[in-house]
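Colleague: In UniProt numbering, the protein residues as written are 1 to 583. Supplied in structure tokens, the structure appears directly below.
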């Protein structure tokens, strides 16, 4: 219909007849009319053109159109729907102002009319009548074109440019039809997600009419607003209302491109051996390309679905660290990062010197590699340590140092480190030993009998000291016995001396902590009497113990040999007796 209207109004008047097909062209010589073949179809609310051309034997002055009812064969005696005389008032009210000639110059014999603001009741047959300048000159043409008006099916034409969040955008809605009748009312409606129709906040709209020709106009409305992500996937409707309550509308879904900051979800603290599951999501249109990296090292987790999950099964302590989610959106990149903590615990470890010199300080450190840090406490032989000469630093930093000043022999023992991790306590210990310099004990002395000198040196220390006799230098014949008990050593030396005049005997006891020297007292004895055998009972007793200790294995062996000899002798005697009895 629009093309046809354009064709009719754009053709010169003398070519209108050529553009139409004559149907029963002439009922009387000189009086012919041409209409479009077939019925004319149009939609309510729009407009319709009835193309028409005629010939007559008189000069036409006025063109008149009638609408015939279905029961009427001719209707030129009823009220006109159009009269080219603008002063004519006898026009049907329903058509007044809606009908006009396409060509106002009647002399051109172009009887085409355009009917605006169509109603379905406008359907029917229409009859043409012409009147001349001389009174009585008139002719009604029998041929009647048919107009069929149906309900409005055409929809507005909407133009939606690309929408980007934060940018101003203008939507355009063009009403259907190119009619010059009453301008339609164009309204915009927006339907948010799950909401009723409403207006977009902060919008501005404008309606403009473009005059294409004298009888064709285009009605356009624009809607301008700042697009946002809230508009994405919402519906915008352009509604066009024509005269007579006739409406049509078009609805489109808005597609707004936008992007949000990456969001990371999932537990960031896990136990060693558990599974680590992290998800990075980016709300964007179109979807972003998401990539995971760990401390600058790329991973294989990458997708462009708007979210990507990172899963590490049976995570270890090495799984802790900084995880970065990078979202690439239209050549731009955004990052979000989190710190993953893996809780774990290793066995306590004790470091420090466990052999301490008497008087020095003990310094032990107990460390536990764990996340979160363990609480560490020191005890000695299962007793808490709080004396004034000791310092212990229990804390939950993963290590604790124990310092004991001026160590004594009594400070030796088992030092225990107890590490508490999530209500579970694990212990480890070390045995600390205090070493001390040797010293020569009372009872160390020498006895000279005849030419035989016997000396005993008693010494204790830790580690066990070594006893040396400077007297032995230059001597090749001597005997030394050594008896050890706990941290005490007994060294006895026997040597033959010829010069009794000036005898000086020195005992030297030494270990890693130092040495002790003692000049021993020499006791002189004469003869072999019982009383004079030993100068003192104490010295004799010690010598007897040393000699007994050496002779005990020999005596035991001799006893066992004698015992076996007696048993063997008894067996032989018993055998001989049995032999005699048998004889």
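Don't be surprised by glycine CBs; every beta carbon is placed ideally from N, CA and C. Everything numeric in this text was worked out from a predicted model, so none of it was measured.
1) Put residue 475 into one of helix, strand or coil per three-state DSSP.
2) Buried or exposed: where does residue 248 fall if 16 or more other Cβ atoms within 10 Å of its Cβ makes it buried?
3) Of all the options 76, 244, 237 and 265, which has the alpha carbon lying nearest to the alpha carbon of residue 253?
4) Does DSSP put residue 591 in a helix, in a strand, or in coil?
5) Apply the 10 Å Cβ neighbour rule to residue 133 and answer buried if 16 or more other Cβ atoms are within range, or exposed otherwise.
6) Quick check on residue 26: buried or exposed, where buried means 16 or more other Cβ atoms within 10 Å of its Cβ?
7) Mapping DSSP to helix, strand and coil, what is residue 318?
8) Rank 507, 410, 424 and 432 by C-alpha distance to the C-alpha of residue 442 and give the top, closest one.
9) From residue 266 to residue 223, what distance separates their C-alpha atoms?
10) Out of curiosity, what's the CA-to-CA distance linking residue 458 and residue 490?
11) Return the CA-CA distance between residue 45 and residue 180, expressed in angstroms with no decimal places.
12) Per DSSP, which one or two residues make a beta bridge with residue 168?
13) From residue 126 to residue 176, what distance separates their C-alpha atoms?
14) In three-state DSSP terms, what is residue 551?
15) Kindly give me the distance between the Cβ atoms of residue 461 and residue 438, rounded to whole angstroms, as I take these residues to be in contact under 8 Å.
16) Measuring alpha carbon to alpha carbon, tell me which residue in 376, 451, 117 and 405 is nearest residue 245.
17) Ignore the nearest five residues each way along the sequence and tell me which others in residue 67's own chain have a CB closer than 6 Å to its CB.
18) Would you mind working out which of 431, 400, 421 and 423 sits nearest residue 414, comparing C-alpha positions?
19) Buried or exposed, going by whether 16 or more other CB atoms sit within 10 Å of the CB of residue 567?
20) Decide if residue 559 is buried, meaning its Cβ has at least 16 other Cβ atoms within 10 Å, or exposed.
21) Taking only three categories from DSSP, how would you classify residue 60?
22) Quick check: what's the CA-CA separation for residue 359 versus residue 338?
23) Relative to the C-alpha of residue 448, which candidate in 434, 494, 479 and 478 has its C-alpha closest?
24) Identify which residue in 341, 282 and 331 has its Cα closest to the Cα of residue 294.
25) For residue 124, list the residues DSSP reports as bridge partners.
26) Between residue 376 and residue 419, how many whole angstroms is the CB-CB distance? I'm expecting something under 8 Å.
Modeller: In this structure, then:
1) Translated into positions along the chain shown, residue 475 becomes position 475. DSSP places residue 475 in coil when its eight states are reduced to three.
2) Residue mapping note: residue 248 aligns to position 248 of the chain shown, counting from 1. So residue 248 ends up on the buried side.
3) For the purposes of this step, residue 253 is taken as residue 253 along the chain shown, with counting starting at 1. Minimum Cα distance to residue 253 is reached at 237.
4) The requested residue 591 is not part of the displayed model; the chain covers only 1 to 583.
5) Looking up residue 133 in the chain shown gives position 133. Residue 133 is exposed by the Cβ-count criterion.
6) Your numbering for residue 26 matches position 26 in the chain shown. Burial call: exposed.
7) Here residue 318 corresponds to residue number 318 of the chain shown, with the count starting at 1. DSSP places residue 318 in helix when its eight states are reduced to three.
8) As a first step, residue 442 must be located in the chain shown, where it is residue number 442. Nearest C-alpha to residue 442: 507.
9) Locating residue 266 in the chain shown gives position 266, counting from the first residue. Locating residue 223 in the chain shown gives position 223, counting from the first residue. In a straight line, the C-alpha of residue 266 is about 43 Å away from that of residue 223.
10) The count along the chain shown starts at 1 and reaches residue 458 at position 458. The count along the chain shown starts at 1 and reaches residue 490 at position 490. Cα to Cα, the separation comes out at about 5 Å.
11) For the purposes of this step, residue 45 is taken as the residue at position 45 of the chain shown. For the purposes of this step, residue 180 is taken as the residue at position 180 of the chain shown. Roughly 12 Å between the two C-alpha positions.
12) On the chain shown, position 168 is the one that residue 168 refers to. Note: residue 168 sits in a beta bridge opposite 226.
13) Numbered from 1 along the chain shown, position 126 holds the residue referred to as residue 126. Numbered from 1 along the chain shown, position 176 holds the residue referred to as residue 176. If you take the alpha carbons of residue 126 and residue 176, they lie about 25 Å apart.
14) The sequence position of residue 551 within the chain shown is 551, counting from 1. It is helical.
15) Against the chain shown, residue 461 aligns to sequence position 461. Against the chain shown, residue 438 aligns to sequence position 438. 3 Å between Cβ atoms; contact.
16) In the chain shown, residue 245 corresponds to position 245, counting from 1. Nearest of 376, 451, 117 and 405 to residue 245, Cα basis: 117.
17) Counting from 1 along the chain shown, the entry for residue 67 is found at position 67. Result list for residue 67: 81, 124 and 126, in chain order.
18) Walking along the chain shown from the start, residue 414 turns up at place 414. Across the set 431, 400, 421 and 423, the C-alpha of 431 shows the shortest separation from the C-alpha of residue 414.
19) As a first step, residue 567 must be located in the chain shown, where it is residue number 567. Exposed, by the Cβ-count rule.
20) As a position in the chain shown, residue 559 is number 559, starting the count at 1. Looking at its Cβ environment, which holds fewer than 16 other Cβ atoms inside 10 Å, residue 559 is exposed.
21) The residue labelled residue 60 in the question sits at position 60 within the chain shown. In the structure shown, residue 60 adopts extended strand secondary structure according to DSSP, grouped into three states.
22) Locating residue 359 in the chain shown gives position 359, where the first residue counts as 1. Locating residue 338 in the chain shown gives position 338, where the first residue counts as 1. If I take the Cα positions, the gap works out to 52 Å.
23) Taking the chain shown and counting its residues from 1, one reaches residue 448 at position 448. For the residues 434, 494, 479 and 478, the minimum Cα distance to residue 448 belongs to 494.
24) Taking the first residue of the chain shown as 1, we reach residue 294 at position 294. Of the candidates 341, 282 and 331, the one whose C-alpha sits nearest the C-alpha of residue 294 is 341.
25) Residue 124 sits at position 124 when you count from the first residue of the chain shown. Residue 124 is bridged to 147.
26) By one-based count along the chain shown, residue 376 stands at place 376. By one-based count along the chain shown, residue 419 stands at place 419. Between residue 419 and residue 376 the Cβ distance is about 5 Å, and since that is below 8 Å, they are a contact.
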